[in-house]
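Protein chains in written order, with numbering that gives the first Met the number 0: chain H, 0 to 80; chain V, 0 to 138. Ideal Cβ positions, reconstructed from N, Cα and C, are used throughout, including at glycine. Fair warning: this is a prediction, and the values are worked out from it, not measured in the lab. Accompanying notes for the structure given below.
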Amino acid sequence: MDVHVRLFAIARDLAGTDSTTITIPPDTEVSRALERIIEQFPRLREWKDHVRVAVNCEYVAPDHLLRDDDEMAIIPPVSGG
Amino acid sequence: MIQIVTVAIDPGEVIRSVRETAAGAIAVFIGTTRDHSHGRRVVRLEYEAYEPMALRVMGDLAEAMKKKWEIEDVSIVHRVGNVNVGEVSVVIAVSAAHRREAFEACRHAIDELKESVPIWKKEYFEDGEEWVKARPRSE
């Protein structure tokens, strides 16, 4: 299945892109998908433990299971306001 | 009123949006770009948002506030893009029957916004630029 990934702020700068698509087996956990993204963009490695992940605009836990066509966002430490 | 805008925010408009005849108080927080950060002179800030999620989280925050405090209304407006020194980046207005709830809820709103809304700011200094919280902290 395909999952659409969006990267923001420092994650986007390090990856060199604001979006990508990964093809993964159904019911892949978010933590595993994040590892796949880091394999594709190794400069994200040092941020692995410092980003949150959102799926379809909601924060999720690392064991959240992804579904086909989900939008997964890599959320570095926020700094609004 | 829960909005993300790319133009200058009019705090008066945000205040007017929460006015209720049942309210005896309106508390307002206005965030502005400061000219210094950790000893360096800031020239401007640039904000970026994951917009659909930011709007959702801001909306959820407003709803949670209404459940937690006896307040009449909440408006949150955040600007994205370039925000120069002295300009307004965010306005939060809360109306309530009484000032205690208005103040408490308003303070909570900005504290919570800064923790959870997917918006990021980049500081532009005279000699460089850096995302705020850009150095990963060791656990």
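Query - Cutoff 6 Å; reference V/A26; Cβ partners in own chain excluding five residues on either side - result: For V/A26, where only same-chain residues beyond five positions count, the Cβ hits under 6 Å are V93, A101, F102, C105.
Query raised in the report: Taking the C-alpha atoms as reference points, what is the distance between V/D9 and V/K66?
Result: Looking at the two C-alpha atoms, the distance is approximately 27 Å.
Query raised in the report: When you compare only the Cα positions, how much space is there between H/V4 and V/I3?
Result: Taking C-alpha positions only, H/V4 is separated from V/I3 by approximately 22 Å.
Query raised in the report: Given that V/I118 touches chain H, what residues does it touch there, using C-beta distances under 9 Å?
Result: Per Cβ cutoff of 9 Å: V77, S78, G79, G80.
**Report entry** 9 Å Cβ cutoff, V/H139 in contact with chain H
**Finding:** Residue 139 of chain V is absent from the structure shown; chain V starts at 0 and stops at 138.
Query raised in the report: Under the three-state reduction of DSSP, which class applies to V/V93: helix, strand or coil?
Result: Here V/V93 carries a strand assignment [DSSP, helix/strand/coil].
Query raised in the report: Since V/P51 meets chain H, which of its residues come closer than 8 Å, beta carbon to beta carbon?
Result: Close to V/P51, with beta-carbon spacing below 8 Å, are these residues of chain H in chain order: C56.
Requested in this report: Please name the residue in H/I21, H/V52, H/F40 whose C-alpha comes closest to that of H/D12.
Outcome: The shortest C-alpha to C-alpha distance from H/D12 to any of H/I21, H/V52, H/F40 is the one to H/F40.
Query - Contact residues within the stretch 30–42 of chain H, judged by C-beta distance below 7 Å to chain V - result: Under the 7 Å Cβ criterion, the stretch 30–42 of chain H contributes no residue.
**Report entry** chain V contact residues for H/R5, given Cβ-Cβ distances below 9 Å
**Finding:** Neighbours of H/R5 on chain V, chain order: Y49.
Query raised in the report: Ordered along the chain, which non-local residues of its own chain (more than five positions away) have a Cβ less than 8 Å from that of H/I37?
Result: Closer than 8 Å at the Cβ level, and outside the excluded window around H/I37, lie L43, R44, K47.
**Report entry** H/S78 - DSSP class collapsed to helix/strand/coil
**Finding:** Coil, per DSSP.
Query - From V/V56, V/L44, V/I1, residue whose alpha carbon lies closest to that of V/S16 - result: Looking at the Cα atoms, V/I1 is the closest of the given residues.
Report task. State whether the stretch 111–123 of chain V contacts the stretch 34–44 of chain V, with contact taken as three or more CB pairs (one from each stretch) at a distance under 8 Å. Result -> Yes, since at least three Cβ pairs between the stretch 111–123 of chain V and the stretch 34–44 of chain V fall closer than 8 Å, the two stretches touch.
Requested in this report: Please confirm if H/A72 has its CB atom under 9 Å from at least one CB of chain V.
Outcome: So, interface residue.
Query raised in the report: Counting contacts by CB-CB distance shorter than 9 Å, is V/Y123 in contact with chain H?
Result: Judged by the 9 Å Cβ criterion, V/Y123 is not in contact with chain H.
Report task. Report yes or no: do three or more beta-carbon pairs, one from the stretch 52–61 of chain V and one from the stretch 75–93 of chain V, lie closer than 8 Å? Result -> The stretch 52–61 of chain V, when compared against the stretch 75–93 of chain V, does touch it at the 8 Å Cβ threshold.
Query - Runs of beta strand (DSSP E) lying entirely within the stretch 47–109 of chain V, each at least 3 residues, in chain order - result: Within the stretch 47–109 of chain V, the complete beta strand (DSSP E) runs of at least 3 residues are 72–78, 80–83, 87–95.
Query - Distance between V/A108 and V/A95 (C-alpha atoms, nearest Å) - result: Taking the straight line joining both Cα atoms gives about 14 Å.
Query raised in the report: Where does H/A14 land, buried or exposed, given buried means 16+ other C-beta within 10 angstroms?
Result: Looking at its Cβ environment, which holds 16 or more other Cβ atoms inside 10 Å, H/A14 is buried.
**Report entry** Cβ shell of H/T27 (< 6 Å), same chain only, five flanking positions each side left out
**Finding:** Correct list, in chain order: L65.
Query raised in the report: Under three-state DSSP, which class holds V/E138?
Result: Unreliable placement is indicated for V/E138, whose pLDDT of 43 sits below 50; the coordinate value is still reported in the next sentence. Coil at V/E138, not helix or strand.
Requested in this report: Determine the burial state of V/E114: buried for a count of at least 16 other Cβ atoms within 10 Å of its Cβ, exposed for fewer.
Outcome: With fewer than 16 other Cβ atoms within 10 Å, it is exposed.
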